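Structure first, commentary second.
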Amino acid sequence: MEVGDNSTIVKTNIKVIGRNNLFIPSSPFNMLINMFLYFNTCYQFVMRPPCESIVKNVLPRLRAHVVKILVEREGYNISEVSRMISISSVSALKYKKLLSKRSVLDDSLRDIAEKCIHVLRDKGTFEETLKVICDFCRKLRLSGELCPLHRSEFIGFEDCKLCLRQDYWTQIKVSEREEVLRNLSQAFNMLALTPSFIPLIPEVRTNIAMAVKEAETIYDVAAFPGRLTVVSNRLVAVSEPTFGGSKFLANLLLKALKIDKTKRGILCIKYNKEIDRALKEVELSIAYVRQGGNNLEKLSSAFESKNRVPDALVDLGGRGIEPVTYIFAKDAVEAARTALRIAYSISR
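Position 231 (the sequence shown) corresponds to 230 in numbering that gives the first Met the number 0; numbering is contiguous.
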């Protein structure tokens, strides 16, 4: 801003990023209007993420392609299709209008529509369908395919390269949570494929849990809902691992993490003299507590008093309380490996 004499504003250099680079001739009042328009446009800039382009333009076209294939090729009627993909019949009927104008993404959207239909036809879970869509969204952003659409919709995004930055994706916590779930599934498979693990399962059944880094609540700790049980002498998971899947193990693990942030995995097995011998044979550090049961304070006191989390926390049990062993490790897979070392030591 340049100022002439004491009373007159001669010129303002405020640049408005908006429609037609709007500029209102100088005066004290008009300068305020310019500044309002400028900051209003800045807020518009920061509040228009690429997700908005996905929701407003990509998802409706994807649904339209799914409807088109199911109606015109597979022979379903509109009512059937609307129920299948959970949209109204009115929305489903708009597919021809939506697809009447060509989009640069149409080829990719048709491929994803085919994948979604394949999952629906095979009666896959809704999560499998969502995974197809979310993986596609991530690919659009990572590859830069979404950038032209995003830039064309909103003013001021000509130089935006957020989705192309590798550090942006590596810092996303979603990927860490996915890794935790994969680690848990791998740990389960290791145990399920080893028959000698079955005798280590307590009467109260077992579970494996793993926390993300810097976990704060039980929803930062994943486990198998309903625990892991035995059917026909085989280890079985009632459902897939999920965050918040075991309140008790999560809370015990959170207490351990306050002392040792490297112990992010926990697994429960039974306890008896044979297991005690095996724990010592495989050279694990051990802490003992009597009648811990579901008393988190009593269980955690075994390592809080020493300010050190052991490899194995043994609850010696008592009246109405089954003796069990909690194995702590850097992750779920490592906890499973430790359990298998114990099983091998016993079965020799």
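Glycine residues also receive a C-beta, built at the ideal position from the N, C-alpha and C atoms.
Nothing here was measured: the structure is a model prediction, and the numbers come from that model.
Under a 10 Å Cβ-count criterion, N182 is classified as buried, with 16 or more other Cβ atoms of the shown protein chains found around its own Cβ. Here A222 has N206, I207, A208, P240, G244, S245, L248 and A249 as same chain residues with Cβ atoms under 7 angstroms from its own Cβ, once five neighbours each way along the sequence are excluded. Setting aside the 5 residues that flank it on each side, V203 is surrounded in the same chain by E321, each with a C-beta closer than 6 angstroms to its C-beta; the list follows chain order. Pairing Q290 with L234, the inter-Cα distance amounts to about 27 angstroms. Residues of the same chain with a CB within less than 8 angstroms of the CB of K305, apart from the 5 flanking positions on each side, are A286 in chain order. At a Cβ-Cβ threshold of 8 angstroms, L252 and A311 do not count as neighbours. Across the structure, V89 and E296 are spaced so that their CA atoms are roughly 57 angstroms apart. For I197, there is no enclosing beta strand (DSSP E), as DSSP marks it with neither H nor E. Rounded to the nearest whole angstrom, the CA to CA distance from N293 to S238 is 23 angstroms. Pairing A301 with D259, the inter-Cα distance amounts to about 14 angstroms. Every beta strand (DSSP E) stretch that sits fully inside the region 301–330 and reaches 3 residues is listed by chain position as 311–314 and 323–328.
Pairwise C-beta distances place the region 330–346 in contact with the region 264–271, as three or more of them are shorter than 8 angstroms. For C267, there is no enclosing alpha helix (DSSP H); the enclosing beta strand (DSSP E) has its first and last residue at G264 to K269. With a minimum length of 3 residues, the unbroken runs of beta strand (DSSP E) contained wholly in the region 211–267 fall at 220–222, 227–230 and 233–236. A distance below 8 angstroms between beta-carbons, with the five flanking residues on each side excluded, links L97 to the following residues of its chain, in chain order: P59, R60 and A63. By the neighbour-count definition (other C-beta atoms within 10 Å, threshold 16), R140 is a buried residue. If you ignore the 5 residues before and after R226, its C-beta comes within less than 6 angstroms of the C-beta of R204 and N206, all in its own chain and listed in chain order. Check the Cα spacing between V103 and each of F125, C146 and L129: the tightest is with C146. Pairing R82 with C115, the inter-Cα distance amounts to about 15 angstroms. Cβ atoms of R340 and V288 stay farther apart than 8 angstroms, at about 23 angstroms.
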